[in-house]
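Structure first, commentary second.
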Amino acid sequence: MGTSTAVTSSHSERRPFQTTLHSFSQNTGFIWRTLTEKLKSACSFLLGLWFIKGPYIYIARLIRNCSGISRRSLSVSPKMDLMTYCDFEWKGGTPHAEKIKKAYQEIYDKYHIKYVHQIRGDNYCALRATMFQVLSRGVPFPFWMREQDITKVPEMLFYKQGCNWIQQYSFGPEKYAGPKVFYKLRQCMDMLKMQWGEMYRLKEKKDREKACKMLFSDESMEYKIYEAVKFLMLYLAIEMFEGINQGQDVPNFCRMLFARDTSLDPVSFMLNHLNCIGDTGGLEQIEMFLLGYTLKLKIRALRLSKYGTEEFESSFVDVDQRDWHSITLLTEDDRHYNIPIMDK
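Be aware that the sequence shown starts at 161, since it is given in our numbering, and climbs by one per residue.
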């Protein structure tokens, strides 16, 4: 009896501890299961977000990158509203900004220019703005280019006129000189002749615009065209310089061209000016006259920084040539040119 009572008492003393341990175990299990379920739910939610948003984020980045590449490769933008462009570019309230805004409003109201093509702002922009209008409008070859094969001009200058210094000609940002310069110049002349001829043969405006969009999205092709035009400018500069020395009548701008300390003759003109175009500098005002003379164009520029003065509208031609085609350029600083589009 004594022993049995003692055992029973011992079991009775251990029950509260076992009960507590069992209860703790149950609570711990419940908490663990609850935490596990919540953790699973959280992981599922995060994974769901990734699988839902991940592809869209990737696609968005891809589109953004592709559109950025597209914008960089497009050297002539689609036309945009002139005043929208003005508001985007000139948000400040400085006196100069207010002056430019007034100039834009002036050409919008009085010149009926409602749209603009923005031109990539590199050192080819004057040539780009000019040649885009020439090609997209179907302007024909100048008469003097139809009289001779322009692809043979480099060799003709070198072999017939002894201009061996032409080997120092460089192609904009591409430093290139030496005997192979003639091969590269021939490529440029071929490109200009081919593209100009093809554009002129397209009689529908929409077809020319489509072809221009492809051409002006290919840097290699368009740079060749600009270098060909530069070299033709040099060719005519050489002819006019010889005319000055022989006492012949030459356009007035020609004497000014060779009156500069940096271009006293065709050699220094090429080395100090033409070689820089497309690389470290663009066309200067006097060289815009030579560009127009070379392409037989009447080039007019609306110079917004000259608003309120007689120089606001400038014409880069010093002789009246009624049979020349006309183009208009838009510039804010006499360095970067855009293409204004009149509302018809």
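For every residue, glycine included, the Cβ atom is placed at its ideal position computed from N, Cα and C.
Distance between residue j and residue i (C-alpha atoms, nearest Å)
i: Lys344; j: Gly252; result: 46 angstroms
i: Leu457; j: Asp282; result: 22 angstroms
i: Arg306; j: Ile459; result: 21 angstroms
i: Leu464; j: Lys261; result: 9 angstroms
i: Lys390; j: Glu471; result: 26 angstroms
i: Val410; j: Thr244; result: 44 angstroms
i: Phe303; j: Pro255; result: 46 angstroms
i: Leu417; j: Pro314; result: 22 angstroms
i: Ser468; j: Tyr268; result: The question names Ser, yet the displayed sequence has Gly at residue 468. Distance between the alpha carbons of Gly468 and Tyr268 is about 15 angstroms.
i: Ile273; j: Leu455; result: 24 angstroms
i: Ile501; j: Leu490; result: 10 angstroms
i: Ala286; j: Tyr275; result: 18 angstroms
i: Trp484; j: Glu249; result: 34 angstroms
i: Tyr497; j: Lys353; result: 24 angstroms
i: Gly383; j: Gly403; result: It is worth fixing the name first, because residue 383 is Tyr in this sequence and not Gly. Taking the straight line joining both Cα atoms gives about 30 angstroms.
i: Gly438; j: Gln406; result: 33 angstroms
Limits of the unbroken alpha helix (DSSP H) element including residue i
i: Pro238; result: Element bounds for Pro238: n/a, residue is neither H nor E.
i: Glu473; result: Where Glu473 is concerned, there is no enclosing alpha helix (DSSP H), although the beta strand (DSSP E) it sits in stretches over Glu473 to Ser475.
i: Leu375; result: Lys365 to Leu375
i: Ala289; result: Cys285 to Ser296
i: Val313; result: Val313 to Tyr319
i: Asn435; result: Careful: Asn435 lies outside any alpha helix (DSSP H) and carries neither H nor E.
i: Arg306; result: Phe303 to Glu307
DSSP-derived helix/strand/coil call for residue i
i: Leu396; result: helix
i: Pro331; result: It is Phe, not Pro, that sits at residue 331 in the sequence shown. The answer is strand: DSSP assigns Phe331 an E or B state.
i: Val167; result: Residue placement at Val167 is poorly supported in this model, since its pLDDT is 40, which falls under 50; the coordinates still yield a value, given next. Looking at Val167 - three-state DSSP - the assignment turns out to be helix.
i: Arg482; result: coil
i: Leu490; result: strand
i: Arg420; result: coil
i: Lys274; result: strand
i: Arg415; result: helix
i: Lys458; result: strand
i: His182; result: Model confidence at His182 stands at a pLDDT of 48, short of 50, so the residue's coordinates are unreliable; what they give is reported in the following sentence. Reduced to three states, the DSSP call for His182 is helix.
i: Gly441; result: strand
i: Glu379; result: helix
First and last residue of the uninterrupted beta strand (DSSP E) at residue i
i: Pro500; result: Tyr497 to Met502
i: Tyr268; result: First-last for Tyr268: Pro255 to Lys270, but that is the alpha helix (DSSP H), not the beta strand (DSSP E).
i: Val299; result: Val299 -> no beta strand (DSSP E), and no H or E assigned at all.
i: Leu352; result: Counting along the chain, Leu352 falls outside any beta strand (DSSP E), though it belongs to the alpha helix (DSSP H) covering Val341 to Arg361.
Beta-carbon separation (whole angstroms), residue i vs residue j, contact threshold 8 angstroms
i: Ile523; j: Cys323; result: Since the first residue shown for the chain is 161 and the last is 504, residue 523 is missing from the structure and cannot be characterised.
i: Thr440; j: His433; result: So it is not a contact: roughly 11 angstroms between Cβ atoms.
i: Ser233; j: Ser377; result: 5 angstroms
i: Met400; j: Cys414; result: 4 angstroms
i: Val341; j: Gln327; result: 5 angstroms
i: Leu295; j: Arg346; result: Between Arg346 and Leu295 the Cβ distance is about 21 angstroms, and since that is not below 8 angstroms, they are no contact.
Residue i versus the options, residue with shortest Cα-Cα distance
i: Cys348; options: Leu362, Tyr360 and Gly332; result: Gly332
i: Asp480; options: Gln445, Leu443 and Asn412; result: Asn412
i: Lys312; options: Tyr284, Cys246, Asp350 and Glu379; result: Asp350
Closer than 6 angstroms: residue i CB and nearest the ligand NAP heavy atom
i: Leu317; result: Ligands displayed in this structure: none; no statement on the ligand NAP is therefore possible.
Interface flag, residue i vs chain D, CB-CB below 7 angstroms
i: Ser474; result: Looking at the structure shown, chain D is missing, and only one protein chain is on hand.
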